[in-house]
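Okay, structure first, notes after.
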Amino acid sequence: LLLVLVYEVHVYTGAELGAETDSNVYINLIGTRGDAGKRKLHRSKNNNVKFQRGQMDIFCIKAVSLGDLEKVLISHDGAGPGNGWFLDKIVIKHKEGEEAQEVVFPCNRWLDECQDDGKTERELTANGKYFMSLFYSAQRWRVQVKTDGDSPEPRECKRTLVIYGSKGKSDELLLSPQTPGYVCFLPRATDEFIVETGDLGDIYKIRVSCDDMPGFEGWHLKSFHLEELHTKQELNFDCNCWLTLNREDKELVKEFAAVTKDQKTLPVHKYVVSVHTGDRWGAETFANVYITLYGKRGDTGVRKLHTSLTKGRKFQRNKVDSFLVEAVSLSHLQKVVIGHDGEGYGAGMYLKMVTVKESQDSDKESVFPLWNWLDTHLGLCETVCEIVTIGRRLTLSPKLPEINMKSSGLWIMDVTGSDLSNEEDPICLSFIFYGNLSYKKLPLQVTGKAMQIKDELADIGSIYKVQVTSPHSELKQPWHLDLLHMKHTGTKEEMYLAFDCWFNPKEDKCVELPALYADQEPLPVVEYAIHLHTGDLKKAGATGEAYLCIQGEKSYSGKRWLNAKKSLITLARGQVDIFKIKSVYLGKLNQVLVGFKSLKKDKWFLEKIVIKEDFYPFSSHVFVHNDWINKHSKKDFVEVAIPLKETSVTSLLVKNFDMKSRGRWQIWVHCTQVPENVPDIQVVAFGRKGKSPAQKVQNLSDNPFLLTVGDIGDITKLSFMLSGPSLKRGIKFHKLQLKDLDTKQELGFHTEAPCLFGEDGSEAVAELAAVRPDKPPLREVLYSISVHTGTLPASGTDASVFITVFGEQGDSCKRRLRHSNFERGQVSISEMRAVDLGQLSKVLVEHHNVGYGAGWYLDQIIIHESGKIDDQYVFLCQQWLDSGVGDAQLKRTLK
1 LLLVLVYEVH
11 VYTGAELGAE
21 TDSNVYINLI
31 GTRGDAGKRK
41 LHRSKNNNVK
51 FQRGQMDIFC
61 IKAVSLGDLE
71 KVLISHDGAG
81 PGNGWFLDKI
91 VIKHKEGEEA
101 QEVVFPCNRW
111 LDECQDDGKT
121 ERELTANGKY
131 FMSLFYSAQR
141 WRVQVKTDGD
151 SPEPRECKRT
161 LVIYGSKGKS
171 DELLLSPQTP
181 GYVCFLPRAT
191 DEFIVETGDL
201 GDIYKIRVSC
211 DDMPGFEGWH
221 LKSFHLEELH
231 TKQELNFDCN
241 CWLTLNREDK
251 ELVKEFAAVT
261 KDQKTLPVHK
271 YVVSVHTGDR
281 WGAETFANVY
291 ITLYGKRGDT
301 GVRKLHTSLT
311 KGRKFQRNKV
321 DSFLVEAVSL
331 SHLQKVVIGH
341 DGEGYGAGMY
351 LKMVTVKESQ
361 DSDKESVFPL
371 WNWLDTHLGL
381 CETVCEIVTI
391 GRRLTLSPKL
401 PEINMKSSGL
411 WIMDVTGSDL
421 SNEEDPICLS
431 FIFYGNLSYK
441 KLPLQVTGKA
451 MQIKDELADI
461 GSIYKVQVTS
471 PHSELKQPWH
481 LDLLHMKHTG
491 TKEEMYLAFD
501 CWFNPKEDKC
511 VELPALYADQ
521 EPLPVVEYAI
531 HLHTGDLKKA
541 GATGEAYLCI
551 QGEKSYSGKR
561 WLNAKKSLIT
571 LARGQVDIFK
581 IKSVYLGKLN
591 QVLVGFKSLK
601 KDKWFLEKIV
611 IKEDFYPFSS
621 HVFVHNDWIN
631 KHSKKDFVEV
641 AIPLKETSVT
651 SLLVKNFDMK
661 SRGRWQIWVH
671 CTQVPENVPD
681 IQVVAFGRKG
691 KSPAQKVQNL
701 SDNPFLLTVG
711 DIGDITKLSF
721 MLSGPSLKRG
731 IKFHKLQLKD
741 LDTKQELGFH
751 TEAPCLFGED
761 GSEAVAELAA
771 VRPDKPPLRE
781 VLYSISVHTG
791 TLPASGTDAS
801 VFITVFGEQG
811 DSCKRRLRHS
821 NFERGQVSIS
831 EMRAVDLGQL
841 SKVLVEHHNV
851 GYGAGWYLDQ
861 IIIHESGKID
871 DQYVFLCQQW
881 LDSGVGDAQL
891 KRTLK
């Protein structure tokens, strides 16, 4: 007889914008013995409102034992826009006999008629099965929470607790009332909750979090008291702090160290987290950015980077923003996970690196380099990534590294790693220090966990990378290199390089890290893909041993073996063999050295080597040999140096859009110093295939409104036009952002001018060029316009004259020529600032005065870029613009 089991279903709604749903959700569990049938997920055990963004809901399903769970079928009945749901994963826990299981079903997709593939039902396959001791050694805690008397009346806001111990941490434990309708966290109240966790070991900290909900005024938390119900262990946390964004701290997450007799209370640090945005077009983001710090002792949980210590808008191109993240000491930092909620091409950021120090007074900081895009359509095509530290550096440089090397003194280098068996021979490694003048190789005999090398490293100049290699012979046992700590006795320059890698038997290893100096960006570590093309000739192939060394303007890659230890490589006729190596960025490549040795005295016809690098600007380098490499003796390698033949640069690959644009964009315009009675402002979008109709700008206060542009192709610029009289001063410009409602593409806009309509407000048109990632925007051009009035009697006019200049990249919009003298036989010169129009094709010139004496005889207009007199455009007219002469036209198109 099969038992009836209780399946605990944990449903994780994603953190994407709009991930939540209020649709009815149904599930069917499928195992080796059959399925449970379609069940509605009625009531969440831990939340009043189900399936909210970033939330985990628990449901219990009773069913006859299904055997090993293999699949789940999940669906909802929501139809139409806004009723979709983004499901992250489902985790099912159950116990059968003495065995407890936890099965994970990843999804990470939309169930939405209007997104992804439009499906609202998905079949999920089990990703992993974990047999857990959780059910046997589970801990049950009574949690008592005291709220202070001056805390505001509680609003709907999710509050969670995470408990950390020596054996791990709990899930996010939701602090929700046991009975529906009961209000928790009232002023002066003590609320009690029962929560379950696995065996966490010795508790060392807790983390308390509040959600950032609209209207949430904050929570004054007084204390936490935890009691484990089996062991009666008690823990007190005297909190006395605010969780709010309205006060000085601006914190919605707080951590508290456990105070016990048996263990030392850990310090709480205010970590300074600095986000270094890259110097690339479109590198900035307007998205919310989140980070988690991981150390040897736990993590901080996900923290939103709210308030930058650096002035100005956050995460802008080539800017460093610093944030305080308060957490119980993590010990040595190991990695960070950083991400943002920006969806769509251009919504992401180009992140150089993250640096973290323990406090604002710390003299050292950990370095986490990325040098890549965090964007749904670029680079990694991800918005979240994990970055492992490459080491620590000083925050302030004692002296410039160039001077350091000239100083007398020694480099003392401490190498730490794993322990070694005494029964085997010592391991020999080579440490190669590359400087801007030369390099030096130092052998190291590994004898245990810690060794020291002392050397002047004279004559190599300023160190910029360190390479560690194992010899091309077999290691007897594996060894893990943890850290290289370098300190100069003369200059006090100091760096910690975290190699964190294994050297294994039967494996060649060559690892490199850049030197870490204060106030200098470390060189990136780049992957080079090497394509060896063997010629398509008779007996062109060969078998033997081979290595190569890539030489760049900055450095050498060092000798890299293409064959594994004690084995040979076969390079077949007409074949392309691909190898990948990682090296600190070599700069512009100029030569490849190839070494080859064949025991059979084979000749090898090497046609060419193509090296591709994935680091900006995505270059491909071709080294042509087109010749035989002959082997003459059994002992020595034949070496050939092949110079660079050509380099080609490919533009950044952009992932295809899932949907087609319908020309509907959300637009944000943020300006300050806006006059009270500002006239209506119209906006026109210009694209590769045309321009949009003029539309009214709804606000300048960073509130989004709809801009419908139609099918105008890729947007190149936006023009803002004043519909009334000119302003007394310009409007200070801060931000212009567009987001396509269908493709989710995002555009930023660039202008060198600090104000719209000129600093004095005298201009009627302001133009901004669109910025796409890694693509320079159209430049701003100052055009000089010379208007030649004719010499016929009464040729001059005192009318206001307007001009529109057309080019291959759009038009300038209608501009008033600010020069008011259009006298007979005179040349009036005006200037017009506009986004580059490309090759000019025509001008439209007009005035609005009618009646006797208002006419004007225009001879010609000459336009050139200011400062470039040689390249002029001449537009002949030699006609009247007069309501009483000839064809009575007041406007003319000149080509």
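Note that the sequence shown ends on residue 895 in full-length UniProt numbering; no numbers are left out. Ideal Cβ placement from N, Cα and C applies to all residues, glycine included.
Query                                                                                                                 : Result
H220, enclosing beta strand (DSSP E) - first and last residue                                                         : 219 to 228
G348 Cβ short of 8 Å to the ligand ZN heavy atom set                                                                  : No copy of the ligand ZN appears in this structure; indeed no ligand is present at all.
Beta-ladder partner(s) of G236, from DSSP                                                                             : Looking at the sequence itself, residue 236 is Asn, so the reference to Gly does not match. The partner list for N236 (beta bridge, DSSP) reads H225.
Whether S366 touches R392 by CB criterion (9 Å)                                                                       : yes
Spatial distance of F875 from K895 (CA atoms)                                                                         : 6 Å
Span of the beta strand (DSSP E), counted from its first residue to its last, around E527                             : 525 to 534
Residue burial classification, S812 (beta-carbon count within 10 angstroms, cutoff 16)                                : buried
Spatial distance of P675 from L727 (CA atoms)                                                                         : 8 Å
L324 classed as buried or exposed, judged by whether at least 16 other C-beta atoms fall within 10 angstroms          : buried
Bridge-paired residues (DSSP) for F146                                                                                : One detail in the question is off: residue 146 reads as Lys in this sequence, not Phe. Paired residues: T190, S223.
Bridge-paired residues (DSSP) for M213                                                                                : Bridge partners of M213: none, in fact.
P643 in three-state terms, based on DSSP                                                                              : strand
Cα-Cα separation, V275 to F802                                                                                        : 48 Å
Residues that DSSP places opposite K441 in a beta bridge                                                              : I432
C-beta contact flag for Q860 and Q878 at 9 Å                                                                          : yes
Alpha-carbon to alpha-carbon, N236 and residue 983                                                                    : In the structure as shown, the chain begins at 1 and stops at 895. Residue 983 is therefore absent and cannot be evaluated.
C-beta contact flag for E196 and Q144 at 9 Å                                                                          : no
Any 3 or more C-beta pairs closer than 8 Å across the stretch 565 to 580 and the stretch 492 to 510                   : yes
Simplified DSSP assignment, three categories, for residue 903                                                         : In the structure displayed, the chain extends from 1 to 895; residue 903 sits before or after that span and is not available.
Where E759 falls: helix, strand or coil (DSSP)                                                                        : coil
Pair within 9 Å by beta-carbon distance, V415 and L444                                                                : yes
Cβ-based burial, K428 [other Cβ within 10 Å; buried from 16]                                                          : Note on identity: in this sequence residue 428 is Cys, with Lys being the wrong assignment. C428 should be labelled exposed.
Of the listed residues N630, I609, I629, nearest to F623 (C-alpha basis)                                              : I609
For K254 and V208, believed in contact at Cβ under 8 Å, the rounded distance                                          : 5 Å
Local Cβ density within 10 Å of S44, reported as buried at 16 or more and exposed below that                          : buried
Start and end residues, beta strand (DSSP E) containing M495                                                          : 494 to 503
Span of the beta strand (DSSP E) around G391                                                                          : 391 to 394
Whole runs of the beta strand (DSSP E) within the stretch 347 to 382, excluding any shorter than 3 residues           : 349 to 357, 364 to 374
Residues of its chain near P267, where Cβ-Cβ distance is below 8 Å and the 5 sequence neighbours each way are ignored : A257, V328, S329
Collapsed DSSP secondary structure at M405 in the structure displayed                                                 : For M405, the predicted model reports a pLDDT of 47, less than 50, meaning its position is unreliable; a value from the coordinates is still stated below. Reduced to three states, the DSSP call for M405 is coil.
Beta-carbon separation (whole angstroms), H625 vs V576, contact threshold 8 Å                                         : The Cβ separation is near 14 Å, so there is no contact.
Residues near L309 by beta carbon distance below 6 Å, same chain, minus five either side                              : S322
Helix, strand or coil at T716 according to DSSP, with G and I counted as helix                                        : strand
Inter-stretch contact (C-beta, 8 Å, three-pair minimum) for the stretch 64 to 71 and the stretch 25 to 37             : yes
Length of the line joining the Cα atoms of A641 and T543                                                              : 20 Å
Beta-carbon separation (whole angstroms), V805 vs E865, contact threshold 8 Å                                         : That pair is no contact at about 12 Å.
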